Amino acid sequence: MKSDVEIAQEAQMKPIVEIAKQLDIPEEELELYGRYKTKVSLETWERIKDRPDGKLILVSAINPTPAGEGKTTTSVGLSDALRKINKKTIVALREPSLGPCFGIKGGAAGGGYAQVVPMEDINLHFTGDFHAITSAHNLLAAVIDNHIQQGNELGLDVRRITWRRVVDLNDRALRNIVCGMGGKAHGVPRETGFDITVASEMMAILCLAKDLDDMKKRIGKIIIGYTFDGRPVRAEELNVTGALTLLFKDAIKPNLVQTLEGTPAFVHGGPFANIAHGCNSIMATKFALKLADVVVTEAGFGADLGAEKFLDIKCRFANIRPDAVVIVATVRALKMHGGMDKKELATVDMKALEAGITNLTKHIENMQKFGLPTVVAINAFPTDTKEELDFVEAKCNEMGVEVALSEVWAKGGDGGIDLANKVMAATEKTNNFKFMYDVNESIEAKITAVAKEIYGADGVVFTPPAQKAIKELTDLGLSNMPVCMAKTQSSLSDDPAKFGRPTNFTVTVREIKVSAGAGFIVALTGSILTMPGLPKHPAAERMDITNDGKITGLF
């Protein structure tokens, strides 16, 4: 089997102008970035905004394991399969971050014969959206330090500046730093640090804003720190919201590319789901819903993270709801959730599969709690046996859920026809969508609802710093927002070592932050970090480019 990058490089891509024509977008509404990628003008929205919405399919997954699940691959392959059954389809995905691209993951544009292309461009810089986010975020940080240097008219407490800097790389050495060193002319010394760009509140704002005006208002509401008497200071008080919004003038426009089979793909925005809200932009999703009969979108990591945030945060802000949910799993990953070693996964072990399938059934239960019709996609591997596949299907059928074997990695859209048909059938079922909590509940109640109902926890422990932050935000009138849970993706619990369906555990919330511009409260649990580090042997070690521009090692 050829590598992902080899398959992508051999693709016969159509000019992006032709892909846009499939959606009745004229060339004058495109802002081209070469022949195969474009931004879609905001004028298009004014033309299509009153059209009825198409159907929305949310693709999620079990908790990820090193065995692999293939959520993005399934999303892309499903969109290709839907076109093959004559549905006008768009897939809407997040943009990959350079951090995991050069770290462990190696890229995030699908795999095999279910990819979005140009794969190398999408994984490396793309249209510059992340650079715009990084620049805007760091401009605000620079203005804050300059304000303090120039007399600190607002009375900012340098010990309580909450706005850090960002870079779109995994760099643990930058997690905690001291800036302003070198003497009086070089700034006021203070402790600060860096987060990864995809954890930036600017990224969240890009993905949640309805338009530039909404973006400007959200940026202005960002809380950058506190005064000595505890008053929150907002970005708008520094008089640079216009300049910050200016840096998003192009980034706010959705990016249009294509799959290997020529299905239109919006790839826009990219917040992580373990430390942010994990969904592509509202604008890209709403554009897609007006331009297609069916829109396939995904939410990051397992359904306990990405899907929960898609439903409780994105759907709430965008006033949308999925018509059906797809949960992706593999037999291999389920066996790993059942305690099997990664090196042994090709071996049939029904006890491990029976123990591990509890992870899948919990995610199914959770989607049913949201009132959504659900389909399970089993991403096929050559080592899967009929006995194993039949067992998974029987368990899901007991819960009233259809199962489809997905072979899109090897066969492209042809390998997802059964899945496409079952997904469309699910969209016709009763949909009783509801949120997991009321935003007007207390911060503790909202976090506890997610922990108990979605993770299966017995309760939540709030550390003294978290309790103090909750009281402060409540006293400031900032508690009536959705909660964005920052939690390990590897487990339903806050302990990455607990596979399957953990029981008899509590979730510890160690820190509470407010993202007032994005409009949600972040609860950090366990040892989750907002700046990842590189592994001992990062994926970057295997990447190269030849003199004629051919890229190798990207996957």
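The opening position of the sequence shown corresponds to residue 7 in the working numbering, with each subsequent residue numbered one higher.
C-beta: ideal position from N, C-alpha, C; glycine also.
Keep in mind the model is a prediction, meaning the values are calculated, not measured.
Residue i, buried or exposed, once every other Cβ within 10 Å from all chains shown has been counted against 16
{"i": "Glu24", "result": "exposed"}
{"i": "Ile551", "result": "exposed"}
{"i": "Glu547", "result": "exposed"}
{"i": "Lys474", "result": "exposed"}
{"i": "Phe234", "result": "exposed"}
{"i": "Asn372", "result": "buried"}
{"i": "Ala76", "result": "The displayed chain sequence assigns Gly, not Ala, to residue 76. When all chains shown are included, Gly76 counts as buried."}
{"i": "Gln121", "result": "buried"}
{"i": "Met537", "result": "buried"}
{"i": "Lys348", "result": "exposed"}
{"i": "Arg89", "result": "buried"}
{"i": "Gly6", "result": "What the structure shows of the chain is the stretch from 7 to 561, and residue 6 is not part of that stretch, so it cannot be assessed."}
{"i": "Val354", "result": "exposed"}
{"i": "Lys222", "result": "buried"}
{"i": "Arg57", "result": "exposed"}
{"i": "Glu304", "result": "buried"}
{"i": "Ser589", "result": "What is shown of the chain runs 7 to 561, which leaves residue 589 out entirely."}
Proximity of residue i and residue j at Cβ, strictly below 8 angstroms
{"i": "Ala87", "j": "Leu425", "result": "yes"}
{"i": "Ile96", "j": "Ala115", "result": "no"}
{"i": "Glu243", "j": "Leu340", "result": "no"}
{"i": "Thr565", "j": "Val184", "result": "Past the edges of the chain, shown from 7 to 561, lies residue 565, and the structure says nothing about it."}
{"i": "Ala463", "j": "Ala472", "result": "no"}
{"i": "Ile202", "j": "Ser103", "result": "yes"}
{"i": "Val301", "j": "Ile63", "result": "yes"}
{"i": "Ala451", "j": "Tyr461", "result": "no"}
{"i": "Asp500", "j": "Thr531", "result": "yes"}
{"i": "Val334", "j": "Asn286", "result": "no"}
{"i": "Phe397", "j": "Thr336", "result": "no"}
{"i": "Phe511", "j": "Phe439", "result": "no"}
{"i": "Ile123", "j": "Leu266", "result": "Residue identity check: residue 123 is Val in the sequence provided, not Ile. Yes; because the gap between Cβ atoms is below 8 angstroms, this pair is in contact."}
{"i": "Gly105", "j": "Asn152", "result": "no"}
{"i": "Ser81", "j": "Phe561", "result": "no"}
{"i": "Thr71", "j": "His343", "result": "yes"}
{"i": "Thr494", "j": "Pro488", "result": "no"}
{"i": "Ala524", "j": "Gly109", "result": "no"}
{"i": "Lys417", "j": "Tyr119", "result": "yes"}
{"i": "Leu218", "j": "Ala142", "result": "no"}
{"i": "Ile1", "j": "Ile154", "result": "One cannot answer for residue 1 here, as it falls past the ends of the chain, which runs 7 to 561."}
Straight-line Cα distance separating residue j from residue i
{"i": "Glu12", "j": "Ile22", "result": "21 angstroms"}
{"i": "Gly465", "j": "Leu250", "result": "41 angstroms"}
{"i": "Ile534", "j": "Ser497", "result": "12 angstroms"}
{"i": "Thr78", "j": "Phe323", "result": "24 angstroms"}
{"i": "Gly60", "j": "Pro270", "result": "15 angstroms"}
{"i": "Val520", "j": "Arg53", "result": "36 angstroms"}
{"i": "His369", "j": "Gly555", "result": "43 angstroms"}
{"i": "Gly275", "j": "Ile225", "result": "16 angstroms"}
{"i": "Arg240", "j": "Ala529", "result": "20 angstroms"}
{"i": "Arg181", "j": "Arg170", "result": "10 angstroms"}
{"i": "Ala290", "j": "Glu101", "result": "12 angstroms"}
{"i": "Thr364", "j": "Met346", "result": "14 angstroms"}
{"i": "Ala432", "j": "Val246", "result": "48 angstroms"}
{"i": "Asp256", "j": "Met208", "result": "14 angstroms"}
{"i": "Leu162", "j": "Arg507", "result": "46 angstroms"}
{"i": "Trp51", "j": "Gly422", "result": "31 angstroms"}
{"i": "Pro32", "j": "Ser85", "result": "23 angstroms"}
{"i": "Phe307", "j": "Gly134", "result": "24 angstroms"}
{"i": "Ala522", "j": "Pro238", "result": "10 angstroms"}
{"i": "Val194", "j": "Asn144", "result": "17 angstroms"}
{"i": "Glu126", "j": "Phe272", "result": "16 angstroms"}
{"i": "Ala294", "j": "Gly189", "result": "53 angstroms"}
{"i": "Gly284", "j": "Val515", "result": "19 angstroms"}
{"i": "Ala210", "j": "His137", "result": "14 angstroms"}
{"i": "Ser206", "j": "Leu48", "result": "24 angstroms"}
{"i": "Ala455", "j": "Val513", "result": "12 angstroms"}
{"i": "Ala26", "j": "Leu99", "result": "17 angstroms"}
Check: residue i C-beta below 7 angstroms from any heavy atom of the ligand PLP
{"i": "Val302", "result": "Here there are no bound small molecules, and the ligand PLP is not part of this structure."}
Which full runs of the beta strand (DSSP E) of 3+ residues lie inside the stretch 280–312, going along the chain?
-> If we require 3 residues or more, the beta strand (DSSP E) runs fully inside the stretch 280–312 come out as 300–304.
Would you say the stretch 366–383 touches the stretch 321–336, given that touching needs at least three Cβ pairs under 8 angstroms?
-> Cβ pair count under 8 angstroms is three or more, so yes.
If we count Cβ pairs, one from each stretch, closer than 8 angstroms, do we get three or more for the stretch 270–284 versus the stretch 413–421?
-> Under the Cβ criterion (8 angstroms, minimum of three pairs), the stretch 270–284 does not count as touching the stretch 413–421.
Would you mind listing the beta strand (DSSP E) stretches within the stretch 354–415 that are 3+ residues and don't spill past its ends, in chain order?
-> Those beta strand (DSSP E) runs which fall completely within the stretch 354–415 and span 3+ residues are 380–385 and 408–412.
Is the stretch 256–263 close to the stretch 24–43, with three or more CB pairs under 8 angstroms?
-> Note that the stretch 256–263 touches the stretch 24–43; at least 3 beta-carbon pairs, one per stretch, sit closer than 8 angstroms.
Could you tell me whether the stretch 307–314 touches the stretch 66–78, where touching means 3 or more Cβ pairs closer than 8 angstroms?
-> The stretch 307–314 vs the stretch 66–78: in contact.
Going along the chain, which unbroken runs of the beta strand (DSSP E) with 3 or more residues stay wholly within the stretch 28–99?
-> If one requires a minimum length of 3 residues, the beta strand (DSSP E) runs lying completely within the stretch 28–99 are 36–38, 44–46, 61–67 and 95–99, in chain order.
Assess, as a yes-or-no matter, whether the stretch 205–218 is touched by the stretch 177–196 under the definition of 3 or more beta carbon pairs within less than 8 angstroms.
-> Touching, no, given that fewer than three Cβ pairs across the two stretches are closer than 8 angstroms.
Enumerate, from N- to C-terminal direction, the unbroken beta strand (DSSP E) stretches of 3 or more residues contained entirely within the stretch 441–495.
-> The beta strand (DSSP E) runs of length 3 or more contained entirely in the stretch 441–495 are, from start to end of the chain, 465–468 and 489–492.
Please go through the stretch 171–221 and give each complete beta strand (DSSP E) segment of 3 or more residues, from N-terminal end onward.
-> With a minimum length of 3 residues, the continuous beta strand (DSSP E) runs that stay inside the stretch 171–221 are 171–173, 183–185, 196–198 and 200–202.
Can you give, in chain order, each stretch of the beta strand (DSSP E) that sits fully within the stretch 102–171 and has at least 3 residues?
-> Taking only runs of at least 3 residues, the beta strand (DSSP E) segments lying wholly in the stretch 102–171 are 120–123 and 162–167.
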